[in-house]
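Colleague: One rule links them: number in my numbering = place in the sequence shown (from 1) + 3. We treat Cβ as the ideally placed atom computed from N, Cα and C, and that holds for glycine.
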Amino acid sequence: MEINGIVIADEARLSELINKAVQAAFKDFSMVNPNVQVEEFLTRNEAASLLKVSPNTLTKFVKQGKLKAGVAGGKYLFKKSELLKCTFKP
Numbered sequence: 004m005e006i007n008g009i010v011i012a013d014e015a016r017l018s019e020l021i022n023k024a025v026q027a028a029f030k031d032f033s034m035v036n037p038n039v040q041v042e043e044f045l046t047r048n049e050a051a052s053l054l055k056v057s058p059n060t061l062t063k064f065v066k067q068g069k070l071k072a073g074v075a076g077g078k079y080l081f082k083k084s085e086l087l088k089c090t091f092k093p
């Protein structure tokens with residue numbers, strides 16, 4: 004929702020907006036620098052959906068060392084390319 008140019012969003016929506024803005028910035032950067040590969044990052048919910056597991060199971064995999072995740076703003080972020088290489092069975 005936007006009021007007088009101010010966006011009002013809950014935490015999940017704000018995270019989504021930031022993620023999209025960062026990805027757009029990297030894409031713009033890669034157009035200027037074509038030798039730079041842009042890595043796509045997924046939120047915990049997006050990663051869980053991709054792997055067909057619950058977000059809690061995904062967090063458990065991170066804590067067990069089965070998956071790598073970065074943390075930004077207290078939230079896990081996962082490299083999509085790494086998730087696509089997963090060989091473990093949920």
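Among Phe-44, Leu-17, Ser-18, whose alpha-carbon lies nearest the alpha-carbon of Lys-30?
Modeller: Nearest option by C-alpha distance: Phe-44.
Colleague: So, with DSSP's three-state summary, where would you put Val-25?
Modeller: Three-state result, Val-25: helix.
Colleague: Could you tell me which residues DSSP pairs with Thr-46 in its beta bridges?
Modeller: DSSP, once it has assigned bridges, lists Leu-80 as partnering Thr-46.
Colleague: So, does the CB of Lys-66 fall closer than 8 angstroms to a CB anywhere in chain B?
Modeller: In the structure shown, chain B cannot be found, because there is only a single protein chain.
Colleague: State the start and end residues of the unbroken beta strand (DSSP E) segment that holds Val-74.
Modeller: Per DSSP, Val-74 belongs to the beta strand (DSSP E) from 73–75.
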